[in-house]
Amino acid sequence: MSVASPLLEVEGLTKSYGGIHAVRGVSFSLRSGEILALIGPNGAGKSTCFDMLNGQNRPDAGHVRLLGEETTGKKPREIWRLGVGRTFQITATFATMTVRENVQVALISHGKQLFNLWGSAPRFDRGEAVRLLELVGMAGYADRPCGELAYGDLKRLELAVALANEPKLLLMDEPTAGMAPRERVELMRLTAQIAKEKSIGVLFTEHDMDVVFEHADRIIVLNRGTLIAEGSPAEVRGNPQVQAIYLGEGLLYEGGHREGASA
Amino acid sequence: MAFYVVQFLTGLASAASLFLVASGLSIIFGVTRIVNFAHGAFYMIGAYIAFTLTERFSGAFGFWGGVVLAALAVALIGVLVEMVLLRRIYHAPELFQLLGTFGLTLMVEDLVVLIWGPDDLVGRRAPGFKGAVDFFGQNIPSYDLFLIVLGPVVLGILWLLFQRTRWGVLVRAATQDRDMVAALGVNQKWLFTSVFAVGVFLAALGGALQIPRDAVHHAMDLRIIVEVFVVVVIGGLGSIVGAFVAAVLVSELNAFGILIFPKISIILVFLVMAVVLIVRPWGLFGKPEAAARKTPGLSVNPWRPLTSNERLAALAALVVAAMLPLVAGNYALTVGSEIAIFVIFAVSLHFLMSVGGLASFGHAAYFGLGAYGVAFLAKMAGLPMIVCLLLGPLLGCMGAAVFGFFAVQLSGVYFAMLTLAFAQIVWSIAFQWVSVTGGDNGILGVWPEKWAASPSHFYWLALGVAALVTIALRVMVFSPFGYALRATRDSVLRSEAVGIDAKRIQWTAFVIAGTTAGIGGALFAYLKGSVFPDNLGISLSVDALVMVLLGGVETVSGGVIGAIVYKALNIWLVSQTDLSKLVLGGFIVLIVVVFPKGIVGMLEILAQRRRKSSPPGSSLLAKPIESAE
Ligand SMILES: Nc1ncnc2c1ncn2[C@@H]1O[C@H](COP(=O)(O)OP(=O)(O)O)[C@@H](O)[C@H]1O
Ligand SMILES: [Mg+2]
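Heads up: the sequence lines are chains B and S, in that order. Residue 1514 in our numbering sits at position 139 of the first sequence, with consecutive numbering throughout. Residue 364 in our numbering sits at position 350 of the second sequence, with consecutive numbering throughout.
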């Protein structure tokens, strides 16, 4: 890996709700093509972190820089235009459209055709839509109503949608929550492969430690809003503080058998 | 100076009833999440029953007893309504709840006329508060002083009720988290019913207490409900303190607005509401609501463009319709023109409501503005008909641009209330600004030019425009813009996360829909040869909603089919009965409860079943999605 300028730089990110410090002074960075896992017990502040990176939530303090550009306080749609794809912990898709149309909407937006009143959306960039679906193994479902998909397939669809704007950075909040164990491994393998091929930086949270240790280049650990550890999978696994947190939760080594049923 | 003080006190006195009704609406919404459009109707029944009771029983006891008894009686009616109707629609999409309670309102309007007659009823003065107090040469009715005290007293009682009683604690808990209450094992059904009863009691009490101040009449429901909507939008739905503060604010704005803009005092209230919406979209004391159930319909069924066969069929239908003048007489052709115009109106609302998920309860405003636009151009500027038809709808476009900008800042029930309030504001301007609009007398003599004057020619004109508009909107439904609009309806979160500026898309859709409605209105002005405030009235807005609903709110063609069937039925019905509101209201309630998919929706289901039964359908995947939250 080259030592290029970091894709994402986070500095002193802070957010509290009333008396609860959801996130406290979190700083880290992420390079292109790197896969970084953000782990931590339920309520550690992972989703809150994601929402601030993505513009869904405004930090009380701190900075987020994407390719050197300040994005703190920008709206989600502006951050998306800079090349950030996002999948949600609880999937958000267009339930009354077909699977392919879900991708096409993202392509329409990427092609700046949102105010085109005359073209045909179902025919818009069909080839690219199908290609993206193929990439995540959903091409066979292209014409199915999205509302009928099983949860695991929705997650894969979200990945295809997130890839539609040729992102430089993917933010995936619990991408495999609610999937069967085998599907999880598959989805993350796929994500890792795409990320390496296209040199996309990936930040993801995950409860399944098998998945984390297999795919993450680096891991950062959040507990009660504070970063407590950072390093390679081996380093983090050996970190006594991390072990202390996770032993109580029983997640570190048998995470693969538990559902990530966090809120 | 004394004059202004008196004006201020008058405002405070008016605030009392407004607060009672608004707080009732807020309490009901907090627990059941239903915005009770029938709340104005309960207010009105309260006034009517109180009138009867206070006339029947004499003396101070008769009066005050009558007022309280009336409110209790209406609360009982409320309980019945809750158990028979609302319990069936608590889990239905918002739109159906709004329409169901609106249907009730329509029924009540005809019922009170049936029982109490169409004339205004002037009730008796309140015993003990008949006189006036002298204030530096100005008179203040002592009943006003009573009302000024009553408002804060009721606020205090409600506060005690919610803080100090077990029931109040439950209500507050349910307002914050309904699931929690269900989990506690409290009989939720009963909680809902009792909350509804209390809310209705407050509304009816507000109405009953008005009789010494105002005559009782059968249109008072709409007037109060619009003011109440303005109050809860400003104060924040679900907040009782908000209801109080906003009721005072709105009443004072009305009291002083009359001094500043005597003709169009309502403008001032609108301006304040606009400012509040920009600064605090959820009202002064409200909390942001998680947008619930954006999808207007009940199921998920992707839309597809017409196949070439279906296109041919539609074209054939159009050709058949175009041959009507060969067989039909003048009356039938006029009816045909009217139906064509209402197709335009319905498809314009369909675009906003079915595609965009934005159920406007005031769409007639833009229809009527188009009509007034034509009337102004034709009568005042004397422009040729074709120019008027082209430019007239621009008034609808401008109205939609201004009001739509504010309306799309909100969604769901707030959007519905706001669009209704806007429409009512436009209506009152048309009604009050007599020097420009002719007020109630309207603008007469807007006749088509010779080339379009004969019924058959006008019919062809209306049919042609309707066909063009329908095709254009249909193209837009399947255009990239149409998909972006549906995307904002299905999931705002996801659409913003793929770079869609939801509010701008929705605003554009609002303007498109408003302009299209304006085209319908422009033709309507020429069809009738005149323009009246009714052309932008609430009942016309409701007509549009019912047309889309009847046709099928989740379908692409629902607007067209619904308009044709509904308008034909409606014209026939009006010729058959004087109680058209009662029948229409009952019809709406019926659709909402037993026929929510509409005509096209039912046909689609039948077609689907037939398709499924032939090849053994590959059974689809696991978890069905419930309406997108
Ligand atoms: N909107 C909110 N209001 C109040 N507290 C919140 C809100 N969102 C998150 N929190 C709190 O912040 C903390 C972190 O939550 P979250 O980021 O969802 O954790 P994670 O995703 O790691 O499970 C939790 O204690 C949660 O209760
Ligand atoms: Mg989370």
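The beta carbon of each residue, even a glycine, is placed where N, CA and C say it ideally should be. The model shown is predicted, which means the values in this text are computed figures rather than measured ones.
Using DSSP's beta-bridge definition, name the partner residues of residue i.
| i | result |
| --- | --- |
| A1547 (chain B) | Correcting the residue identity first, residue 1547 (chain B) is Met in this sequence and not Ala. For M1547 (chain B), which the question treats as bridged, DSSP gives the partners B:T1462 and B:F1579. |
| A1604 (chain B) | B:V1596 |
| Y1392 (chain B) | B:I1395 |
| V230 (chain S) | S:L135 |
| T1473 (chain B) | B:P1520 |
| Q152 (chain S) | S:F149 |
| F1403 (chain B) | B:V1385 |
| S544 (chain S) | S:L458 |
| I1410 (chain B) | B:V1577 |
| V1439 (chain B) | B:V1385 |
| E1445 (chain B) | B:R1440 |
Would you report the Cα separation of residue i and residue j, rounded to the nearest angstrom?
| i | j | result |
| --- | --- | --- |
| T529 (chain S) | G165 (chain S) | 43 Å |
| G311 (chain S) | Y380 (chain S) | Bear in mind that the predicted position of G311 (chain S) carries a pLDDT of just 48, short of 50, making it too unreliable to give a figure here. |
| Y1621 (chain B) | W1455 (chain B) | 34 Å |
| L1411 (chain B) | A1619 (chain B) | 22 Å |
| L1388 (chain B) | G534 (chain S) | 54 Å |
| F1463 (chain B) | T1551 (chain B) | 10 Å |
| K308 (chain S) | G1600 (chain B) | Residue placement at K308 (chain S) cannot be trusted, given a pLDDT of 44 that sits under 50; what the coordinates show is reported in the next sentence. Computed Cα separation, rounded: 33 Å. |
| D1548 (chain B) | V240 (chain S) | 44 Å |
| P494 (chain S) | L169 (chain S) | 51 Å |
| V289 (chain S) | V167 (chain S) | 30 Å |
| N1491 (chain B) | E1476 (chain B) | 16 Å |
| A467 (chain S) | A378 (chain S) | 25 Å |
| A1504 (chain B) | W173 (chain S) | 57 Å |
| L219 (chain S) | A84 (chain S) | 8 Å |
| F546 (chain S) | A437 (chain S) | 14 Å |
| V98 (chain S) | I1575 (chain B) | 58 Å |
| L184 (chain S) | I41 (chain S) | 12 Å |
| G92 (chain S) | G117 (chain S) | 15 Å |
| L137 (chain S) | R227 (chain S) | With the sequence shown as reference, residue 137 (chain S) is identified as Gly, and Leu is not the correct amino acid for it. Each residue's alpha carbon lies about 8 Å from the other. |
| L285 (chain S) | A435 (chain S) | 12 Å |
| V525 (chain S) | I254 (chain S) | 34 Å |
| V597 (chain S) | S589 (chain S) | 13 Å |
Can you find a heavy atom of ligand 1 that lies under 7 Å from the Cβ of residue i?
| i | result |
| --- | --- |
| T1423 (chain B) | yes |
| A1412 (chain B) | no |
| G213 (chain S) | no |
| Y497 (chain S) | no |
| A1419 (chain B) | yes |
| A1535 (chain B) | no |
| A1397 (chain B) | yes |
| Y1392 (chain B) | yes |
| G1415 (chain B) | yes |
On a CA-only basis, which of the options is nearest residue i? Give me that one, please.
| i | options | result |
| --- | --- | --- |
| G459 (chain S) | S:Y540, S:P319, S:L434 and S:G406 | S:Y540 |
| N1429 (chain B) | B:F1499, B:V1459 and B:D1435 | B:V1459 |
| D124 (chain S) | S:S505, S:E618 and S:G600 | S:G600 |
| F359 (chain S) | S:L559, S:D191 and S:F75 | S:L559 |
| A328 (chain S) | S:I605, S:L482 and S:V440 | S:L482 |
| V11 (chain S) | S:F51, S:R101, S:P155 and S:V136 | Chain S is shown from 15 up to 643; residue 11 (chain S) falls before or after that span and cannot be answered. |
| G131 (chain S) | S:A187, S:A222, S:G80 and S:H232 | S:H232 |
| N315 (chain S) | B:G1408, B:P1520 and B:R1452 | B:P1520 |
| F1588 (chain B) | B:V1385, B:V1536, B:V1480 and B:V1611 | B:V1611 |
| L100 (chain S) | S:F51, S:T591 and S:A146 | S:F51 |
| E618 (chain S) | S:V574, S:I292, S:L251 and S:T569 | S:T569 |
| V1577 (chain B) | B:L1405, B:L1510 and B:I1395 | B:L1405 |
| Y62 (chain S) | S:D133, S:M15, S:Y104 and S:E96 | S:D133 |
| V334 (chain S) | S:F420, S:W474, S:V427 and S:C402 | S:W474 |
| Y18 (chain S) | S:L583, S:A269 and S:W461 | S:A269 |
| G1393 (chain B) | B:G1415, B:I1465 and B:D1435 | B:D1435 |
Consider the C-beta atom of residue i and the heavy atoms of ligand 2; say whether any pair is separated by less than 7 Å.
| i | result |
| --- | --- |
| E1549 (chain B) | yes |
| Q1464 (chain B) | yes |
If you measure from the CB of residue i, is any heavy atom of ligand 4 nearer than 7 Å?
| i | result |
| --- | --- |
| I578 (chain S) | Among the ligands modelled here, namely ligand 1 and ligand 2, ligand 4 does not occur. |
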